[in-house]
Amino acid sequence: MYFWLSVFALSTLLVMLTFRYRAALFNPMRSLFGGHRGPVAAHYQPVATFADQVDAGLSSSTFDIEANIREGDSRAGLDERGTQEVLDIMRRERVNFDQARLIRQNRILAAHGIDPSGMPLDAKAVTRL
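Counting from 1 along the sequence shown, just add 3 to a position and that's the residue number in this note's numbering.
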């Protein structure tokens, strides 16, 4: 009886952990099978213009891309790599556009040894004179 109870508990734990970490477990496996990205992203085209980026949800009251469209901005749009990173953060972490931009910026700052407040993490850095 205890054997079957422990098998059931272990199986339940394994299922719950697989469900919790499904993105980390199954995304690397996609590259092993020819880079297939699934039915949703199979026909993915990069977001290139400001209008496309607004349609993709990359605008807010604090980061108004629609103002660029109204003013006739001649640039092609936002940085494609940064745009894709923000979209991935929005999808993976289920946050809005502003929160995804903040998460991306904090990661960039951390990679360069700067904490989110803007202070350097290096103990030898001179911050006051």
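In this text, a Cβ means the ideal position worked out from N, Cα and C, and glycines have one as well.
Within 10 Å of its beta-carbon, does residue i have 16 or more other beta-carbons around it, so buried, or fewer, so exposed?
{"i": "residue 10", "result": "exposed"}
{"i": "residue 1", "result": "Residue 1 is absent from the structure shown; the chain starts at 4 and stops at 132."}
{"i": "residue 103", "result": "buried"}
{"i": "residue 93", "result": "buried"}
{"i": "residue 89", "result": "buried"}
{"i": "residue 6", "result": "exposed"}
{"i": "residue 53", "result": "buried"}
{"i": "residue 61", "result": "buried"}
Check the DSSP bridge columns for residue i and list the partner residues they point to.
{"i": "residue 123", "result": "117"}
The alpha helix (DSSP H) that contains residue i, what's its start and end?
{"i": "residue 67", "result": "No alpha helix (DSSP H) contains residue 67, which DSSP labels as neither H nor E."}
{"i": "residue 85", "result": "83-96"}
{"i": "residue 57", "result": "53-58"}
{"i": "residue 21", "result": "5-23"}
If residue i sits next to residue j, beta carbons under 8 Å apart, how far is it from one beta carbon to the other, in whole angstroms?
{"i": "residue 100", "j": "residue 63", "result": "5 Å"}
{"i": "residue 57", "j": "residue 69", "result": "6 Å"}
{"i": "residue 95", "j": "residue 26", "result": "6 Å"}
Comparing alpha-carbon positions, which option in the options lies nearest residue i?
{"i": "residue 119", "options": "127, 7, 83, 108", "result": "108"}
{"i": "residue 82", "options": "15, 55, 28", "result": "55"}
{"i": "residue 66", "options": "84, 124, 97, 105", "result": "105"}
{"i": "residue 91", "options": "16, 128, 59", "result": "59"}
Is there a Cβ from chain D that is less than 8 Å from the Cβ of residue i?
{"i": "residue 81", "result": "The chain inventory of the structure shown lacks chain D, comprising one protein chain alone."}
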